[in-house]
């Protein structure tokens with residue numbers, strides 16, 4: 002199933018590249034390709050005419066994918082740490098439960114609830 006998903010996404014990527022090349026050929030004025038000026042980049046280098054439309058699209062999609070990967074990485078790390086803490090809590094509770102099971106019935110076990118303590122006050 003993963004292989005089909007990868008093949009599907011590869012086909013979509015190749016078709017997107019094809020359409021971006023077609024778009025670049027259509028975006029011309031007086032046989033000059035249309036360029037997009039990015040304000041901060043053009044302030045650094047005034048001789049720069051800008052970037053082509055397909056380069057701007059590719060750059061913005063790449064930045065979006067990179068930010069998405071960073072967010073996903075952060076979520077994976079936080080969920081992994083939460084899973085580790087829950088596993089240690091389960092291990093501790095299993096150990097406590099095993100100890101309670103192994104105690105003999107004759108032992109006097111004194112369990113007090115917090116509710117009964119609050120009512121006594």
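Residue numbers (this note's numbering): 2 to 122. Backbone N, C-alpha and C fix where the C-beta goes; we use that ideal spot for every residue, glycine too.
Can you tell me where the alpha helix (DSSP H) holding residue 25 begins and where it ends?
Along the chain shown, one-based indexing puts residue 25 at 24. 3-27 is the span of the alpha helix (DSSP H), which, as asked, contains residue 25.
Cα separation between residue 30 and residue 17?
By 1-based counting over the chain shown, the position of residue 30 is 29. By 1-based counting over the chain shown, the position of residue 17 is 16. Going by the C-alpha atoms only, they are around 23 Å apart.
According to DSSP, is residue 35 helix, strand or coil?
As a first step, residue 35 is located in the chain shown; it is residue number 34 there, counting from the start. DSSP places residue 35 in coil when its eight states are reduced to three.
Just the Cα atoms here: how many angstroms apart are residue 104 and residue 84?
Against the chain shown, residue 104 aligns to sequence position 103. Against the chain shown, residue 84 aligns to sequence position 83. The straight-line gap from Cα to Cα measures roughly 30 Å.
Looking at C-alpha atoms only, which residue of 27, 36, 12 is the closest neighbour of residue 56?
Translated into positions along the chain shown, residue 56 becomes position 55. Comparing C-alpha distances from residue 56 to each of 27, 36, 12 shows the shortest one belongs to 36.
Contact set for residue 42: own chain, Cβ-Cβ below 7 Å, skip 5 residues either direction:
In the chain shown, counting from the first residue as 1, residue 42 sits at position 41. Closer than 7 Å at the Cβ level, and outside the excluded window around residue 42, lie 49.
In the DSSP output, which residue or residues are listed as bridge partners for residue 30?
If you number the chain shown from 1, residue 30 lands on position 29. Note: residue 30 sits in a beta bridge opposite 33.
From residue 12 to residue 91, what does the alpha carbon distance come to, in whole angstroms?
Residue mapping note: residue 12 aligns to position 11 of the chain shown, counting from 1. Residue mapping note: residue 91 aligns to position 90 of the chain shown, counting from 1. For residue 12 and residue 91, the distance between alpha carbons rounds to 45 Å.
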